[in-house]
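One gets the numbering used here by counting positions in the sequence shown from 1 and adding 31 to each. By construction, the Cβ of each residue, glycine as well, lies at the ideal position given by its N, Cα and C atoms. Comments concern the structure below.
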Amino acid sequence: MLPGARPDVGPPPRFWAAEPRLGFGAWAVGGAGWGRGRGRGPHDESDRIATVARAAERGVSFFDTAPTYGDGASESLLGRALRPHRARVTIATKVGPHADPRASLEASLRRLQTDYVDLVQLHETADGWERQLEQLDALRQAGKARAVGLCNATHLQLARANELVPLAAYQGPYNLFDRDAEQRALPLCREREVAFLAYRPLAAGLLTGKYATPPVFSADDHRRGIYWFKGREFGRRRAALDRLEPLARHLGMSLGALALAWALARPGVAVVLAGARSAAQVDQNLAATERALTPDAVARVDAVVREAFPPPRASERARALAAAWGERERHIVERLDGGTSYEAIAASWTDRGQQPMIAAQVKVFCDQLTEQGLVISDAE
Ligand SMILES: NC(=O)c1ccc[n+]([C@@H]2O[C@H](COP(=O)([O-])OP(=O)(O)OC[C@H]3O[C@@H](n4cnc5c(N)ncnc54)[C@H](OP(=O)(O)O)[C@@H]3O)[C@@H](O)[C@H]2O)c1
């Protein structure tokens, strides 16, 4: 134990051992970059507090935030709204890749009105991330955090992190459309008993099915730049949602609840971090916890998703042209055999330990190839 460390915070929480649970993501409700809430002003503080309080009152016990969400506003909101619930809720925050870990966490603690967080996570892995993670672990030993986690890393970094510090949790994007984690991160988390925290489980709202056509977000909404809200990817996802709708109806759930229940049913997922901007959304999302999906229902969802994203095949011309393209492009084209998934292609590149690749990049590239008539897709 470090000199001055608090001896009274108890053992590190075992996020892994718990039943999968629905957590609360406090980016949209407390932060910036999400445009104006529906019919509400961006500064409607009482609504925001009521949203977080609603989650806590209904038994949600895991709250995720970051100092970058609204430049501290999300943490301040949690500090106010969770005060009466502090003893029984888990608060997870983050430290940015270029921040001084101690200064950042201490500022977070002040905003959160608490003298420790349950989990402090390194938000991203930039140069020197190993040292930062070790500094977070020193803060854990000093009693300022009960456990250390990592976000947005490659599986190679995740494995390394687990050797460097007692890593309690890993947070990555995961929903029924965005499934890179299944290739390497989720199996690794299961093997090493690191809790997997699934973020963006509603694909930033798309999975609720509320967008019949590509939405137009305001200039201050980061969703403007998300590729699945536009173009061919929106079309593929919308077509899949149209097929999932009857299944959700049959199960007596909303599409959003089906998406969250699906994530809760995936092996290795410890916490599903759903964002919500109103108490009504909190209630709708909690419907996902009322009944676990059966393996049959999970398989039906998976079949719809698989059919919506058939991996394309590269034409002979694409293969010939690729000989003169960059290494990443060649890597993709060589694997476009009509059977290898976008996620598997991306993961096999990331295995090399260079700049990582995700399925979204493979899809966007394949869409460009499609426009040039260079791939053959069963979906066309
Ligand atoms: N570590 C990281 O780098 C990272 C990155 C992203 C997220 N996260 C964490 O993960 C959490 C969740 O991700 P997210 O908030 O980005 O995305 P999400 O949970 O997939 O989507 C949340 C958004 O969907 C809409 N929504 C939620 N429930 C709804 C309902 N019942 N009906 C209709 N719309 C609904 C709301 O936005 P509208 O009402 O505006 O549509 C809400 O803000 C974040 O809050 C954050 O804690 C972490």
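Secondary structure in the stretch 92-167: the alpha helix (DSSP H) runs of 4 residues or longer, each lying completely within the stretch, are 104-112, 132-143 in chain order. Separation of Thr99 and Gly62 (C-alpha to C-alpha, rounded to the nearest whole angstrom) is 8 Å. Proximity to Phe396 across Glu276, Tyr258, Gly283 peaks at Tyr258, based on C-alpha coordinates. Apart from the 5 residues on each side of it in sequence, Lys175 sits with its Cβ closer than 7 Å to the Cβ of Leu136, Leu140, Tyr147 in its chain, given in chain order.
In the assembly as shown, Trp58 is a buried residue. Its beta-carbon has 16 or more other beta-carbons within 10 Å. A contact is defined here as three or more CB-CB pairs under 8 Å, and the stretch 86-106 meets this definition with respect to the stretch 122-130. Shown here for Ala377: same chain residues with a beta carbon closer than 7 Å to its own, the five before and five after excluded, namely Asp211, Met388, Ile389, Ala390, Gln392, Val393 in chain order.
Within the stretch 165-249, the complete beta strand (DSSP E) segments at least 3 residues long are 179-182, 198-204, 226-230, listed from N- to C-terminus. Residue pairing from DSSP places Leu53 in a beta bridge opposite Val303.
Annotation for Gly56 indicates a beta carbon within 7 Å of some heavy atom of ligand 1.
For Trp65, the secondary structure class from DSSP, reduced to helix, strand or coil, is strand. The stretch 290-306 and the stretch 317-328 touch, with no fewer than 3 CB-CB distances between them shorter than 8 Å. Distance from Thr239 to Ser285 at the Cβ level is roughly 7 Å; contact confirmed, criterion being Cβ atoms closer than 8 Å. By alpha-carbon distance to Pro341, the top candidate from Arg361, Leu352, Thr371 is Thr371. Close CB contacts of Ser105 within its chain, under the 8 Å cut and outside five residues either way in sequence, are with Ala57, Trp58, Val60, Gly61, Gly62, Thr96, Ala97 (chain order).
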